[in-house]
Amino acid sequence: MNKLYFLGIGSGYHKSEKNTSAYIKNNDTLLLIDCGETVFKKVLEKDLVNDVKDIYLLITHMHSDHIGSLGGFVGFCYWKYKIKTMICFKDKEKIKNYLELLGLKEGESFDICDDTIRRIDSLKLEFSASKTKHVDTMNSYSYNISFDDGNDIFYSGDTFETNFNVIPYLELGNIIYHDACLNDSEENVHTSLRVLSEVIPRRYRNQVYCMHIDGENFIEEARKLGFNIAELI
Ligand SMILES: [Zn+2]
Ligand SMILES: [Zn+2]
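Counting the sequence shown from 1 gives a position; this note's numbering is that position plus 2.
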């Protein structure tokens, strides 16, 4: 089974859990998903860039808990390891302007890929971005990561609606990492456990890993419903 390793599983304002971010590291290649406020510090602690030649960074959207330490990360990879980060994000101009305001230059410390589908040979995978529903002020994307061995992973990003038909996907044995929270208010921009439970029948919930969690007792509540929790490594 393919899986993601997590540097944090918390929502933006969680008191103790770090910002949600996941990675795969293999064959001199690091694939990181999102780089929120607490992420670069975790990358340093884990020495994650050591032994790496290529870095791909998938961005789901531009909220601070998803790009808050991006400037530090990109600068560090370039100045310390001379690695140019390949940033994958559909809203190319926005991320370019943001990084240029921080003194970083496209073509020097980073490149941006806005392809809908892209293959990474060294990781034997292909990923694709699809727009999802989160807030009105910016676009948000989820990613499907399709591995050559046939076991795929869906990463929802922040969303209040699952943007594809999950049942056939789960029937094939694939796994889903999904935004999930206890907050079930009307104006919620994330997916509450109640909503997630309506979308995913109990028999498939062990293939669904909650992330971007809120609340002190989230883990207990999610497990009661049969969901898994994204694993911190
Ligand atoms: Zn978030
Ligand atoms: Zn967000």
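Built from N, CA and C at the ideal position, the CB exists for glycine as well.
Exercise. With respect to 7 Å, is the separation between the Cβ of residue 123 and the closest non-hydrogen atom of ligand 1 below this value?
Worked result: no
For this session: Look up residue 168 in the DSSP assignment and say whether it is helix, strand or coil.
Result: helix
Exercise. Between the region 26-34 and the region 118-137, do at least 3 Cβ pairs fall closer than 8 Å?
Worked result: yes
Problem set entry | Proximity to residue 19 [Cα-Cα], best of 213, 225, 224 | 213
For this session: Measuring alpha carbon to alpha carbon, tell me which of 12, 154, 117 ends up nearest residue 143.
Result: 117
Exercise. Does the region 78-91 come close enough to the region 54-68 that 3 or more CB-CB pairs lie under 8 Å?
Worked result: yes
Problem set entry | From 73, 113, 82, 83, residue whose alpha carbon lies closest to that of residue 100 | 73
Exercise. Taking the C-alpha atoms as reference points, what is the distance between residue 97 and residue 76?
Worked result: 12 Å
For this session: Closer than 6 Å by C-beta to residue 53: which residues in its own chain qualify, once you throw out the five before and the five after it? Chain order, please.
Result: none
For this session: Along the alpha helix (DSSP H) that carries residue 195, what are the first and last residues, could you check?
Result: 195-201
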